[in-house]
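Novice: Take the sequence shown: its letters are residues 2 to 709, numbered as in my numbering.
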Amino acid sequence: MPVPEPRNLADFVLDKAAAIRLGKALFWDMQAGGDGIQACASCHFHAGADNRRKNQISPGLLGGDTTFQVGGPNYTLRARDFPFTRHVDENAASSPIVSDANDVASSQGVFDSTFVGVTPGRAADDCTAVADPVFQVHGITVRRVEPRNTPSMVNAAFNFDNFWDGRADHIFNGVSPFGDLDPTAHVWKAIAPGLPPEATQVQIEPASLASQAVGPPLSPFEMSCAGRVLPKLVRKMLSLTPLAAQHVDAGDSVLGPFARPSTGINATYPDMIRTAFRPEWWSGGPVAIDGEVFSHMEANFSLFWGLAIQLYESTLIANDSRVDRFLEGDSSALSALEQQGMNLFTSTGRCINCHGGPELTNASVGNAGNQRLERMVMGNGGCAIYDNGFYNVGMRPTAEDIGRGGTDPFGNPLSDTRRAMRTPPLFVDPALSPPLGANPQCDQRANVDGAFKTPALRNVELTGPYFHAGGKGTLRQVVQFYNRGGDFANRNIDNLDPDIQPIGLSLNEIDALVAFLQALTDERTRQDKAPFDHPSLLRPNGCIGNDNHVEDAGNGRCVDDMEEVPAVGAGGRPDAGLVPLQPFLSISKMRGSGVLGAGRQMSHFGFNFNGTEEAPEGKVRFRDRGRQVVITSDTFTMHESTETCVRVWGPAVVNDTSGFSFTAKGCDHRQPGVDHDTFEITVWNAAGAVVYANSGVLSGGNLQAFIR
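What follows is the structure, encoded as structure tokens:
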């Protein structure tokens with residue numbers, strides 16, 4: 002898959018490798034945050050996403066709700082909290098909803114505050130604290146949590162537009178996320194020596210990652226005190242040592258040659274900009290902006306920030322999963338169960354209808370970039386125009402978050418469909434055939450409300466929680482959602498994608514589809530190997546305390562509970578002595594042994610999972626004396642976990658013969674004085690046929706499960 006790159010990049014970038022170096026430093030530098038803590042990477046440190054659990058809940062803010070339902074500020078999410086919408090039967094079509102919460106599992110950002118100014122040489126901005134009526138525990142303010150779940154930036158270079166609602170436009174204007182429809186956007190270009198730089202409008206495309214990158218630094222939820230402007234941010238950054246408080250591994254694939262023995266790198270941001278960008282964008286005289294004078298480099302910092310981070314993120318391409326190897330001709334790369342899942346993905350499951358192409362998303366430059374509008378037959382049988390790659394799948398009621406149906410700060414629609422329907426049109430798609438207006442039955446209706454960008458799926462095993470609202474905690478819950486035909490399909494029927502219908506997968510087929518999705522993981526990502534290596538990062542993990550009590554820092558704010566993401570070099574986590582990245586909500590401990598069945602023909606099992614979220618390890622040993630079967634596995638992956646049960650799957654050895662797959666589930670039903678622990682196991686051969694199955698109540702067992 003060739004990585005999209007702006008066609009006019011050479012008009013701005015002088016040295017691409019230097020720009021990538023600058024982008025990686027800026028992306029990981031904690032000093033970019035208004036508090037001197039919050040970096041871009043603070044929400045994208047785990048396979049490009051965020052797997053924290055504490056203080057990660059936002060109420061339904063975009064639907065006007067400020068009340069918490071799953072748990073309040075500084076609550077720690079647990080496996081039992083998911084999914085946020087529960088049905089009587091999670092697999093059955095039209096199964097009644099028994100509980101629902103409109104909370105969003107997302108990412109904590111900054112404390113509520115107002116920008117005052119910057120002090121050169123100081124990492125934290127000068128800001129005035131604001132009492133937050135929503136994000137507080139008994140009057141003590143905690144960090145705000147964003148209103149949508151954090152998507153991974155790995156492979157985001159393939160997206161035509163970025164953010165869940167696509168507001169990060171494919172055209173980068175050098176200043177803001179909103180492309181050529183931002184009438185205020187311009188950068189400054191030096192025309193001749195000795196003359197002041199001239200205000201110049203630019204259109205750099207495809208460059209939605211650059212458009213996306215300039216948003217969070219000014220967001221009062223994500224990284225900024227409210228009211229900060231980018232020239233002020235750069236005035237601070239230009240005075241600081243890059244990554245001054247962070248360790249950079251000497252083996253870092255990009256920054257290693259510049260790493261200092263302790264913290265930071267041997268470089269300055271001004272020098273990095275001069276090396277990376279053409280001089281006409283930084284070498285001119287001072288520029289007056291809103292009555293304040295900035296250097297040419299300060300005035301154009303949004304241009305440098307956006308393009309440098311885009312070029313860095315464009316190196317973060319996961320394209321070496323076992324699925325990729327299988328499609329390249331390695332028939333042994335996927336198990337029979339995973340191959341069954343791939344067949345379901347492309348046929349019965351209808352997944353490929355939205356997750357198309359090698360990028361596994363219809364919202365890609367290669368797809369949506371060639372045809373941005375399409376006609377579709379709606380879930381209610383009507384016909385409409387929609388934005389290619391954006392769909393309403395009935396995950397939440399449309400009115401809670403209209404997504405692509407929203408507008409930008411200037412009143413323009415985010416959706417290309419509604420832009421095309423304006424008089425005069427703001428956009429014309431020449432690829433729409435017949436042209437807009439030729440089919441009156443369809444062309445007067447826009448199907449964009451409640452629609453969100455289809456995410457790509459590589460590394461999806463590692464990027465939970467899932468969907469724009471983060472309401473599903475495991476891949477199994479995601480597959481169950483689609484299997485039953487969504488959660489709010491009937492309520493959203495006027496905007497529903499027509500493929501959101503009950504699928505009718507069996508439990509074995511659900512296992513197979515989950516197994517296929519897990520096989521999309523690029524092991525370099527799991528191990529943080531180059532290009533996914535990175536500097537260290539101190540990130541807030543909520544506040545010291547819990548959702549009922551937090552420690553007061555003495556200024557009305559809580560005390561951050563800081564955790565370190567260690568630096569790793571090109572060799573990744575193994576070279577640093579770190580265990581691989583794990584899925585969201587990994588179980589921490591489960592072990593047991595005992596007997597299934599009764600009489601002479603008894604099945605003995607041993608199940609041991611003594612690792613932690615960060616260090617999973619364990620073994621399955623199962624012996625059926627009556628049927629003379631011995632099943633073992635030292636390598637398995639978790640499917641799901643609850644407070645009392647865990648289900649695992651993986652390769653198995655049966656009677657000393659490899660090539661089998663298994664799934665096993667153990668439950669501690671926690672009934673004091675009652676022997677009611679259960680265990681079940683199923684084994685498939687390479688052809689996908691069940692060769693062994695057993696289940697029952699454990700007699701004399703000692704099965705225990707714990708969740709961190």
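All C-beta atoms in this analysis are idealised placements derived from N, C-alpha and C, irrespective of residue type, glycine included. Keep in mind the model is a prediction, meaning the values are calculated, not measured.
Report the three-state DSSP secondary structure of W165 (helix, strand or coil).
Specialist: Three-state DSSP puts W165 in coil, outside helix and strand.
Novice: Where do the ends of the alpha helix (DSSP H) carrying F517 lie?
Specialist: Taken as a continuous stretch (DSSP letters only), the alpha helix (DSSP H) holding F517 covers L508 to Q519.
Novice: Starting from N542, trace the beta strand (DSSP E) in both directions and tell me its first and last residue.
Specialist: Start and end: L538 to C544.
Novice: Can you tell me which of the three DSSP states V461 falls into?
Specialist: Of the three classes helix, strand and coil, the one that applies to V461 here is helix, per DSSP.
Novice: Less than 8 Å between the C-beta atoms of V155 and A48, yes or no?
Specialist: Yes, these two residues count as a Cβ contact at 8 Å.
Novice: DSSP three-state call for K530: helix, strand or coil?
Specialist: In this structure, K530 counts as coil in the three-state DSSP scheme.
Novice: Let's see if you can read the secondary structure: which residues bound the beta strand (DSSP E) around Y737?
Specialist: One cannot answer for residue 737 here, as it falls past the ends of the chain, which runs 2 to 709.
Novice: In the structure shown, what three-state DSSP assignment does W283 receive?
Specialist: Looking at W283 - three-state DSSP - the assignment turns out to be coil, as it is neither helix nor strand.
Novice: Excluding sequence positions up to five away, which residues of its chain have a Cβ less than 7 Å from the Cβ of A616?
Specialist: Confidence at A616 is low in this model, with a pLDDT of 35, below 50, so the placement of that residue should be treated as unreliable; the coordinate-derived value is given next. Excluding sequence neighbours, A616 sits near V580.
Novice: Roughly how many whole angstroms lie between the Cα atoms of P466 and R149?
Specialist: Distance between the alpha carbons of P466 and R149 is about 11 Å.
Novice: With distance defined between alpha-carbon atoms, name the residue in V188, S225, T86 and S108 nearest to C128.
Specialist: Measuring from the Cα of C128, the nearest candidate turns out to be S225.
Novice: Can you list, in chain order, the residues of its chain whose CB lies under 6 Å from that of V479, leaving out five sequence neighbours each side?
Specialist: The residues are Y467 and K473.
Novice: Do G557 and I141 have their C-beta atoms closer together than 8 Å?
Specialist: Taking 8 Å as the Cβ cut-off, G557 and I141 qualify as a contacting pair.
Novice: Between the C-alpha atoms of S696 and I632, what's the straight-line distance to the nearest angstrom?
Specialist: Cα to Cα, S696 sits roughly 14 Å from I632.
Novice: Cα-Cα, which of G543, D104, Q629 and S587 is closest to R648?
Specialist: Ranking G543, D104, Q629 and S587 by Cα distance to R648 puts S587 first.
Novice: With a threshold of 7 Å on Cβ separation, who are the neighbours of F533 within its own chain once the five nearest residues in sequence on each side are excluded?
Specialist: Taken in chain order, the residues that qualify are L317, R525 and T526.
Novice: Looking at the structure shown, is L308 part of a helix, part of a strand, or coil, going by DSSP?
Specialist: Here L308 sits in helix by DSSP.
Novice: My assumption, with CB atoms under 8 Å, is that G570 sits in contact with G257. Please give the rounded CB distance.
Specialist: Their Cβ separation, rounded to whole angstroms, is 6 Å, which keeps G570 and G257 in contact under 8 Å.
Novice: Look at the alpha carbon of N320 and the alpha carbon of D523, and state the distance between them as a whole number of angstroms.
Specialist: Using only the alpha carbons, I get a separation of about 7 Å.
Novice: Using the three-state DSSP reduction, which class does I38 fall into: helix, strand or coil?
Specialist: Coil.
Novice: Contact between the region 334 to 354 and the region 511 to 519: three or more CB pairs below 8 Å?
Specialist: The region 334 to 354 is in contact with the region 511 to 519.
Novice: Could you tell me whether the region 302 to 318 touches the region 7 to 17, where touching means 3 or more Cβ pairs closer than 8 Å?
Specialist: In short, these stretches touch, since the Cβ pair count reaches three.
Novice: So for G598, helix, strand or coil by DSSP?
Specialist: With a pLDDT of only 45 at G598, under the threshold of 50, the placement of this residue in the model should not be trusted, and no figure is reported.
Novice: Does the region 494 to 501 come into contact with the region 371 to 391, if we say contact requires no fewer than three beta-carbon pairs (one atom in each stretch) closer than 8 Å?
Specialist: The region 494 to 501 vs the region 371 to 391: in contact.
Novice: Between which two residues does the beta strand (DSSP E) carrying V631 extend?
Specialist: Element bounds for V631: V630 to S634.
Novice: Alpha carbon to alpha carbon, what distance is there between S537 and L182?
Specialist: Between L182 and S537, the C-alpha separation is close to 38 Å.
Novice: Since L374 sits in a beta bridge, which residues does DSSP pair it with?
Specialist: BP columns for L374 point to D388.
Novice: Can you list, in chain order, the residues of its chain with a C-beta nearer than 8 Å to that of D450? Leave out the 5 residues immediately preceding and following it.
Specialist: The answer, listed in chain order, is N393, T399, I403, G404, R405, G406 and N496.
Novice: Give the straight-line distance between the Cα atoms of L78 and R54, rounded to the nearest whole angstrom.
Specialist: When rounded, the distance between both Cα atoms is 5 Å.
Novice: Identify whether H187 lies in helix, strand or coil by the three-state DSSP scheme.
Specialist: It is coil, neither helix nor strand.
Novice: If I'm right that V143 touches N75 with Cβ under 8 Å, what's the distance once you round it to whole angstroms?
Specialist: Right, the Cβ-Cβ distance comes to about 5 Å (below 8 Å), so this counts as a contact.
Novice: What span of residues does the beta strand (DSSP E) with F159 cover, start to end?
Specialist: First-last for F159: undefined, no H or E at that position.
Novice: At what residue ranges does the region 63 to 96 contain a whole run of the beta strand (DSSP E), taking only runs of 3 or more?
Specialist: Those beta strand (DSSP E) runs which fall completely within the region 63 to 96 and span 3+ residues are 86 to 88.
Novice: Tell me the DSSP secondary structure of I403 in three-state form.
Specialist: It is coil, neither helix nor strand.
Novice: In this structure, does DSSP put F302 in helix, strand or coil?
Specialist: Here F302 sits in helix by DSSP.
Novice: Are at least three pairs of beta-carbons, each pair with one atom in the region 91 to 107 and one in the region 172 to 191, less than 8 Å apart?
Specialist: With the cut-off at 8 Å, the region 91 to 107 and the region 172 to 191 do not touch.
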